[in-house]
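Heads up, the thing below is written out as structure tokens.
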């Protein structure tokens, strides 16, 4: 009984030591996160939690080894046995190891960080947590998608929070009966509209007449809006589109609508008779007497 009580006390003691170490590690991580400057915050928000988890695992392994030593086991022999058994465990847990190295690749390469809005595959969401095995992402539908880090690290990731400006790219389809003078007036009006706004970064030809389509004359508008705020971009885009509609109307033209013409070809015996020719549907006046 004395031997068993000693082993139970050893378990309680080392469990308390691990709990204390875990609390200290969490406190250090929280303290470092609050002391970070804005420049390095996005990077360390992903690195520090992952480093804290790895440190806890290492501390747990050391405490287990110390506990076994306190119970009287030869830890050197155990470690040698674990080295042989570790090969079998590694072969059986290839996906787990792949996800672990995937998390290290994500944190070191930094394609995304905590809080970034990104596109992964065909989905869009905000990074909420980068763990040792998987990454949790909050989608636009407010659901949480968990992606294994082994797969996530090999995806093509589009990080929307890393862009420095936002693209406005529109193709206007103007109706075909627009005259060249009306087209020149419209091009000049839209160019003047874009050059007068400091929020727009224009190239040498932000507005250009790019083609003659089947039912329309095509004008391409390609500019960058100098903002990183999505709501501000949507407001600027809305105002610009309304101003473009006014410019189109002022030029005396309109946007094109796809049209389709139907042509009736005559049959083998000539054109089909009209309903009035054979009396079908024709109106005849009633006979009268004088």
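Numbering (the working numbering), first residue to last: -12 to 277. Don't be surprised by glycine CBs; every beta carbon is placed ideally from N, CA and C.
CB of residue i within 8 Å of CB of residue j, strictly
i, j, result
"residue 128", "residue 113", "no"
"residue 220", "residue 153", "yes"
"residue 16", "residue -8", "no"
"residue 177", "residue 234", "yes"
"residue 1", "residue 54", "yes"
"residue 134", "residue 107", "yes"
"residue 211", "residue 245", "no"
"residue 146", "residue 121", "no"
"residue 204", "residue 193", "no"
"residue 140", "residue 93", "yes"
Span separating the alpha-carbon of residue i from that of residue j
i, j, result
"residue -3", "residue 49", "14 Å"
"residue 125", "residue 89", "20 Å"
"residue 143", "residue 158", "28 Å"
"residue 7", "residue 42", "13 Å"
"residue 174", "residue 99", "41 Å"
"residue 47", "residue -10", "24 Å"
"residue 224", "residue 187", "11 Å"
"residue 263", "residue 170", "Any reading at residue 263 needs caution, since the residue's pLDDT is 43, under 50, leaving its predicted position unreliable; the model's value is listed next. Going by the C-alpha atoms only, they are around 46 Å apart."
"residue 3", "residue 57", "15 Å"
Burial state of residue i (16 or more Cβ within 10 Å)
i, result
"residue 165", "buried"
"residue 61", "exposed"
"residue 14", "exposed"
"residue 239", "exposed"
"residue 232", "exposed"
"residue 136", "buried"
"residue 271", "With a pLDDT of 42 at residue 271, under the threshold of 50, the modelled position of that residue is not reliable, and no figure is offered here."
"residue 269", "Confidence in residue 269 is poor, its pLDDT being 39 and thus under 50, which makes the residue's placement too unreliable to answer from."
"residue 275", "Because residue 275 carries a pLDDT of 46, less than 50, the predicted location of this residue cannot be relied on, and the following value inherits that uncertainty. Exposed, since its Cβ has fewer than 16 Cβ neighbours within 10 Å."
"residue 101", "buried"
"residue 229", "exposed"
"residue 117", "buried"
At 3 residues or longer, and completely inside the region 135 to 168: list those beta strand (DSSP E) runs for me, N to C. The region 135 to 168 contains these whole beta strand (DSSP E) runs: 144 to 146 and 153 to 162.
Closer than 8 Å is the cut-off here; do at least three beta carbon pairs connect the region 213 to 233 with the region 138 to 157? The region 213 to 233, when compared against the region 138 to 157, does touch it at the 8 Å Cβ threshold.
Return the chain-ordered ranges of every alpha helix (DSSP H) run that is complete within the region -11 to 50 and spans a minimum of 4 residues. As far as the region -11 to 50 is concerned, its whole alpha helix (DSSP H) runs of at least 4 residues are -11 to 22.
Ranges of the alpha helix (DSSP H) found wholly within the region 175 to 244, counting only runs of at least 4: Considered as a whole, the region 175 to 244 harbours 217 to 237 as its complete alpha helix (DSSP H) runs of no fewer than 4 residues, in chain order.
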